[in-house]
Amino acid sequence: MAANGVPDLPESVSKPPEGVVLPPKDIRAIIEKTAGYVARNGSVFEDRIRDKEQSNPKFSFLSPQDAYAPFYQWRLSEVKSGRGTAVSAGRTGDATPVPEKPKGPEPPPEFQFSARMPNISALDLEVVKLTALHVARKGKSWMTALSQREARNFQFDFLRPQHSLYNFFQRLVDQYTILLQTGLEGQKAEQARIQVLQANLQDRFRVLASAKKRSEYIKWQETQKQKKEEAEEAERIAYAQIDWHDFVVVETVLFTEADEQADLPPPTTLNDLQSASLEQKAMMSLARPDMRIEEAMPTDDMNGYAYNDPYATYPQNNGYAPAPEAAQAYPAYSPSPFPPQPSPAPAPVPVQAYSPAPPAAVPSPQPPSTASPAPQLPGQPPMRIKQDYIPRAQARAAQSRVATALCPNCGQQIPVAELDSHLRIELLDPRWKEQQSKAAARFSTTNLGGTDVAANLKRLRARTDGVVNDPVAEAAARVLGEQEEEERRKRLKLDSQPAAAQYSGLGVAGHPVAQQGQKPDVQEQIRQIHNKYKS
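The following block contains the structure:
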């Protein structure tokens, strides 16, 4: 057999009569095989091949107008006359393949009780040795049960075939198994080892000859390794000669303050990584085995601008008429004592019902007028083709060029085109200012205004200075006392007013609702309850 599976042909085949075109070697093999089949089965077989392979250019020699037809007719007559070949006789599979010659010197036998020591800590080495000894004694089933029981123990990660210490562990298991073998096989292996040792004792140069062969093989391996490194270096130089400035920016990664303040493990050296135990490597790893990475849907960032809107539950502008505002239809209620929290994100809108408008700065790619829809396969749903699709990188670039303005309420950067609708949505709730002021008062360090602090300081000074009988301080204390008494009388007067002057209307179930920003008095509430339920 020649290369590429093409059989070798005798020299007589390559010397056709004068005026006959000699086809290529692969076509000659097909002609030779076809001529043998036609000579054995008759012309009916030729007609069958011509009908079956009429679209195959390799069988064009069956046509009388083809240039290789005379060569085929000549080979057919030669095969019928008994001057065929092994290919025409159909015995091409009987040829024995030529064994490939080994490259380099013969590899020496591997050391039976030796394994290359990896970079491993002392604790891991003892655990691996002890586990290999028990596996050699109890079998593979015990190792399978151990790996299932210690699946979450990083100390036994070497039981996984993907681990770097797995090969070293298997070598130890094989060595312990050879030494612990019993029965007839164990005795034969022991006798073979004893015979090798006795041969080394009898011939002192036997070890030297084997060492020489091993050194030649190692030298050849180093030569091959050096050639490979030179090829890689040449490839690296070829890569370095590429004009790397000829590129297109697909996406820009921005590092924020949160990235700088991220809780990352301290940097380690290569020596620390190689000498660390399995548990330490697991602790240094960022990926936890009990956590998995959630992937976002591909259409998550295709819904327009993705700014952080705390009032995202309101519907977006999707081309329909806006619903009438029904803010006054809800019954009045007392505000919640907790500060307003941002509501969760809305449910995703189906893709077929959403058609985002492209940004003004980016021209929308128009489909070609000659494009026709792809043929629909039977049993498949109709294909939806999005005509106004904009690439993500192009949409992000257009979004970064949109002019923005600072919202006075939420303090976020909002596109200027959406600022009016954003403010209208935020001002739909009339209790927003009240809740905002209450939240600010709750988290403030004091509940006194600037005037209250000044009055308290004056009062404290008047009281402390009154010990030395200062007339000015006594006069200031009297004035402050009169002011406090006047304010107290005003509060009592307001508390004694009827309920109609204090309440703006009736709420749900006829209960009076206090005015916004005014706290009802406890005594007044008790008096109203007595008036309501008196007999």
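UniProt numbering numbers the first residue of the sequence shown as 1 and each following residue consecutively. Each residue gets a CB set at the ideal place from its N, CA and C atoms; glycine is no exception.
With fewer than 16 other Cβ atoms inside 10 Å of its own Cβ, Leu-270 counts as exposed. Beta-bridge partners assigned by DSSP to Thr-404: Pro-415. The beta carbon of Glu-279 sits closer than 8 Å to the beta carbons of Phe-154 and Gln-155 from its chain, once the five residues preceding and following it are set aside; these are given in chain order. In the three-state reduction of the DSSP assignment, Leu-125 falls in the helix class. Under the three-state reduction of DSSP, Ile-31 is assigned to helix. Contact between the stretch 145–154 and the stretch 102–120 is absent, with fewer than three C-beta pairs closer than 8 Å.
Taking a cut-off of 8 Å on C-beta distances, the stretch 127–134 does not touch the stretch 253–273, as fewer than three cross pairs fall below it. Per DSSP, Trp-244 lies in no alpha helix (DSSP H) and is assigned neither H nor E. With respect to the C-alpha of Glu-18, the residue from Met-143, Glu-53, Lys-281 and Trp-74 having the closest C-alpha is Trp-74.
The way I'd put it, the stretch 191–205 doesn't touch the stretch 155–165; fewer than three beta-carbon pairs between them come closer than 8 Å. Within the stretch 159–228, the runs of alpha helix (DSSP H) at least 4 residues long that lie entirely inside it are, in chain order, 166–179 and 183–202. In the displayed model, Arg-75 falls within a helix according to three-state DSSP.
Under the Cβ criterion (8 Å, minimum of three pairs), the stretch 18–28 counts as touching the stretch 64–83. In this structure Ala-440 is not in contact with Leu-419, their Cβ atoms being roughly 24 Å apart against a cut-off of 8 Å. With fewer than three CB-CB distances shorter than 8 Å, the stretch 237–247 does not count as touching the stretch 117–125. Taking a 10 Å sphere around the C-beta of Thr-223, we find fewer than 16 other C-beta atoms and assign the residue as exposed.
Here Val-416 is exposed. Its C-beta has fewer than 16 other C-beta atoms within 10 Å. Its Cα nearest to that of Cys-407, the residue Ile-425 stands out among Lys-281, Trp-220 and Ile-425. Residue Gly-36 holds the alpha-carbon nearest to the alpha-carbon of Ser-81 among Ser-43, Pro-105 and Gly-36. Collapsing the DSSP output to three states places Ile-425 in a helix.
Note on Thr-182: under 16 other CB atoms within 10 angstroms of its CB, so exposed under the neighbour-count rule.
If you look at Met-143, you'll find it in the alpha helix (DSSP H) that goes 140–149.
For Leu-273, the enclosing alpha helix (DSSP H) begins and ends at 270–275. Rounded to the nearest angstrom, the gap between the Cα atoms of Phe-168 and Ser-215 is 24 Å. Using a 10 angstroms sphere on the CB of Val-21, the tally of other CB atoms stays under 16, which defines it as exposed. DSSP places Arg-50 inside the alpha helix (DSSP H), whose first and last residues are 43–52. 9 Å or more divides the Cβ of Pro-16 from the Cβ of Phe-61. Around the C-beta of Leu-76, 16 or more other C-beta atoms lie within 10 Å, and the residue is accordingly described as buried. Closest by C-alpha distance to Ser-400, out of Tyr-389, Asp-388 and Gln-413, is Gln-413. Around the beta-carbon of Ile-529, fewer than 16 other beta-carbon atoms lie within 10 Å, marking it exposed.
In the assembly as shown, Ile-390 is a buried residue. Its beta-carbon has 16 or more other beta-carbons within 10 Å. When rounded, the separation of the alpha-carbon atoms in Gln-187 and Met-283 is 47 Å. At least 9 Å separates the beta-carbon of Thr-85 from that of Glu-46.
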